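Q:
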Amino acid sequence: MCKQQSEKQTSLVIEDTLKVSTPQEVIAKLAAGNERYVNGKSIHPHCDTDRVSETAPHQAPFAAVVGCSDSRVPVELLFDQGIGDIFVIRTAGNNVNSEMVMGSVDYAIEHLNVKVLLVLGHGSCGGVTGAISESEEEHGNIGKLLGTIRNDITEYIGKTDSIDAAIRHHAHVQVERILTYPHVAEKIGNDAKRLKMAHYL
Ligand SMILES: [Zn+2]
Numbered sequence: 055m056c057k058q059q060s061e062k063q064t065s066l067v068i069e070d071t072l073k074v075s076t077p078q079e080v081i082a083k084l085a086a087g088n089e090r091y092v093n094g095k096s097i098h099p100h101c102d103t104d105r106v107s108e109t110a111p112h113q114a115p116f117a118a119v120v121g122c123s124d125s126r127v128p129v130e131l132l133f134d135q136g137i138g139d140i141f142v143i144r145t146a147g148n149n150v151n152s153e154m155v156m157g158s159v160d161y162a163i164e165h166l167n168v169k170v171l172l173v174l175g176h177g178s179c180g181g182v183t184g185a186i187s188e189s190e191e192e193h194g195n196i197g198k199l200l201g202t203i204r205n206d207i208t209e210y211i212g213k214t215d216s217i218d219a220a221i222r223h224h225a226h227v228q229v230e231r232i233l234t235y236p237h238v239a240e241k242i243g244n245d246a247k248r249l250k251m252a253h254y255l
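Numbering (my numbering) for the sequence shown: 55 to 255.
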C-alpha cells in the first residue's frame with residue numbers, strides 16, 4: 055500500500071511536502087492528492103520509517119476528516135497523504151451527533167490546530183442507505199446508529215432512489231451541526247485564516 059518513493063517521484067514528493075500555512079493551501083493539497091489518486095498517480099508520501107521516527111514524539115496534522123468506516127474509503131489513500139498528515143475520525147455513516155465524535159473533532163481543533171475540518175461522505179454509503187430504507191428495522195447499537203443518521207435526513211426516508219442526494223445532504227447536515235458549537239463557529243467566523251469547514255462527496 056505505502057511504498058518507498060522512487061527517484062522518478064522525487065520532484066512530486068518535494069512538491070507535496072511543502073508546508074501548508076492557510077486553509078486554502080490545505081484544501082489545494084488535499085485536492086491535488088485526490089486528483090493523483092483518481093488518476094492512478096498516487097505518490098504515497100510520508101509512509102517510510104523516517105516519517106515514523108519524525109512523528110513519533112508528536113503529531114501535527116494539517117487537516118481533520120470525519121469520514122465513514124466503510125472499507126472502500128480509506129482517507130489517507132483517497133487524498134494520497136501519509137503518516138501524521140490527517141487526523142481521521144471514522145464512524146459508519148460519518149454522523150457527528152455523539153460526544154465521542156464531537157470530542158474528537160474538538161481535540162483536532164483545540165489541541166492539534168488543524169486548518170481544515172472536512173466531512174467526507176461517499177457513494178453507496180451503507181449507513182445512509184440503511185437509515186432511509188424501509189426494510190426490517192435493526193435493533194441494538196446498529197439500530198441506534200441508523201436512527202441517528204435517519205433523524206438527520208427524514209425527508210429521504212423510503213427514497214432509496216435518491217441515495218446520492220441523501221448522502222450529500224447528510225454530510226451537509228453534519229457541517230451545520232458542527233457549526234452550531236459556538237467555540238468552533240467562533241474560530242471560523244473571527245479568524246478565517248485559522249480554520250475552514252467543508253464537506254466533500
Ligand atoms: Zn458509508
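Heads up, the beta-carbon is just placed ideally off N, CA and C, and yes, glycines get one too.
All of these numbers come straight from a predicted model, not from anything done at the bench.
In angstroms with no decimal places, state the Cα-to-Cα distance between residue 93 and residue 175.
A: So the two alpha carbons sit approximately 20 angstroms from each other.
Q: Name the one or two DSSP bridge partners that residue 122 has.
A: For residue 122, which the question treats as bridged, DSSP gives the partners 145.
Q: Would you tell me roughly how many angstroms separate the C-alpha atoms of residue 138 and residue 107, rounded to the nearest one?
A: Approximately 11 angstroms, taken between the alpha carbons.
Q: In the DSSP output, which residue or residues are listed as bridge partners for residue 250?
A: In the DSSP output, where bridge partners are listed per residue, residue 250 has 170.
Q: Can you find the residues in the same chain that come closer than 8 angstroms, C-beta to C-beta, to residue 59, ignoring five residues on each side of it along the sequence?
A: Its pLDDT being 44, under 50, residue 59 is placed unreliably in this model, and the value from its coordinates should be taken loosely. So the list reads 67, 97, 98, 99 and 102, once near-sequence residues are dropped.
Q: To the nearest angstrom, how far is it from the Cα of residue 78 to the Cα of residue 189?
A: If I take the Cα positions, the gap works out to 43 angstroms.
Q: How many whole angstroms separate the CB atoms of residue 115 and residue 166, which I take to be in contact at a CB cut-off of 8 angstroms?
A: That belief holds up - the Cβ atoms of residue 115 and residue 166 are roughly 6 angstroms apart, short of 8 angstroms.
Q: Can you give me the C-alpha to C-alpha distance between residue 121 and residue 128, rounded to a whole angstrom?
A: Looking at the two C-alpha atoms, the distance is approximately 9 angstroms.
Q: Short of 6 angstroms in beta carbon distance, which residues of its chain neighbour residue 84, apart from the five on each side in sequence? Order them along the chain.
A: If we look at residue 84 and ignore the five residues flanking it on each side, its Cβ neighbours are 133.
Q: What ranges does the alpha helix (DSSP H) occupy inside the stretch 81-143, keeping only unbroken runs of at least 4 residues that lie completely in it?
A: Qualifying alpha helix (DSSP H) stretches, in chain order: 103-109 and 129-132.
Q: With a cut-off of 8 angstroms on the beta carbons, I'd call residue 173 and residue 219 a contact; round off their distance for me.
A: The pair is not a contact, with the Cβ atoms about 16 angstroms apart (cut-off 8 angstroms).
Q: Apart from the five residues on each side of it in sequence, which residues of its chain come closer than 8 angstroms, Cβ to Cβ, to residue 156?
A: Here the set comprises 150, 232 and 235.
Q: Cβ of residue 112 versus every heavy atom of ligand 1: is any distance shorter than 7 angstroms?
A: No, Cβ of residue 112 sits at least 7 angstroms from all heavy atoms of ligand 1.
Q: What are the start and end residues of each continuous alpha helix (DSSP H) run of 4 or more residues lying completely inside the stretch 183-220, in chain order?
A: Segments of the alpha helix (DSSP H) lying fully in the stretch 183-220: 194-206.
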